[in-house]
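Right, one structure below, let's go through it.
As structure tokens, then:
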């Protein structure tokens, strides 16, 4: 959709003002960074069409040398501002290995929209009170307006504190371990048990958020990079691993990867007799927890 530069748009339920770098709805106004606004407009220019990561890098980050991770992080941030959900998107959908698509309705902001917003604005019941003299009504209205502003400021501070606190806490996804046994490939239940034990142990580590097993299994058997998994599940780290088996022994390998750059920052291999599977799960979970604690201490 081609619109004159600076013209206001309606994207879903949001009014978008490019000239002010603002989006607003129902009395709520959010100021976007200039690049986030450019990203939003680039996707809105062709609603319903897939825009590749390379095209976004060329159009939005023109003249700046960055990696695809910058796009992933910017998309995640823009979704948070829009109140969108990556798993059930109402605005920006991820098309795996292809790019992103604007799924919300996009159209110019019209005078009818302005009138509709005015009609939907809450009526000040104090201003319509006829039992009070004008001066008292005005005084009551001023007090009410001041209280509303004060409450809005308090809520904004509480919300900002909560968002910043959550974003500052490292998050990790534990993927189902791969069963690479060469005999009957019958150790998948054991591999899944390792992942669940690691999740349980990591959830007890202070200062770290751990994705649930349900979230982890959502990406099972999908050919996704660490960066794509991090963007999909909003995680800073990924733990994955595999198991191999000889006649009497199990070999369990695992690694911890940063999602922002895809680099492995820790790996380990553990061997255990086949008969001691529960002990193996506990030992692997403990080693993963110690590795995560080391990462937190180094930050």
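Residue numbers (my numbering): 488 to 786. Idealized CB from N, CA, C, for every residue including glycine. In this text the structure is predicted, and so the values were computed from the model without any measurement.
- According to the DSSP assignment, residue 504 belongs to the beta strand (DSSP E) that extends over 501 to 504.
- In the assembly as shown, residue 505 is a buried residue. Its beta-carbon has 16 or more other beta-carbons within 10 Å.
- Of 737, 588, 755, 589, the smallest CA-CA separation from residue 761 is found for 737.
- A distance below 7 Å separates the beta carbons of residue 664 and residue 728.
- If you compare the alpha carbons of 509, 500, 555 with that of residue 712, the shortest gap goes to 555.
- Nearest C-alpha to residue 541 among 716, 638, 558: 558.
- Boundaries of the beta strand (DSSP E) harbouring residue 587: 586 to 589, taken from the DSSP string.
- Comparing alpha carbon positions, the residue from 560, 530, 534 closest to residue 748 is 560.
- One alpha carbon belongs to residue 739, the other to residue 661, and they sit about 15 Å apart.
- Secondary structure note for residue 728: its beta strand (DSSP E) is the uninterrupted segment 724 to 732.
- Looking only at 494, 565, 687, the smallest Cα-Cα distance to residue 774 is reached by 687.
- Shown here, residue 746 sits in coil according to DSSP, grouped into three states, outside any helix or strand.
- Non-local C-beta neighbours of residue 751 in its own chain, meaning closer than 6 Å and more than five positions away in sequence, comprise 742, 744, ordered along the chain.
- The beta carbon of residue 547 sits closer than 7 Å to those of 522, 525, 526, 529, all from its chain and outside the five residues before and after it, given in chain order.
- Taking residue 499 as the centre and dropping the five residues before and after it, the same chain places the C-beta of 577, 578, 591, 592 closer than 7 Å to its C-beta, in chain order.
- Non-local C-beta neighbours of residue 658 in its own chain, meaning closer than 6 Å and more than five positions away in sequence, comprise 696, 722, 723, ordered along the chain.
- Measuring C-alpha to C-alpha distances from residue 533 to each of 573, 587, 565 identifies 587 as the nearest.
- Taking the Cβ atoms as the reference, residue 568 lies roughly 6 Å from residue 519, within the contact range of under 8 Å.
- If you draw a 10 Å sphere on the C-beta of residue 571, you find 16 or more other C-beta atoms in it, and that means buried.
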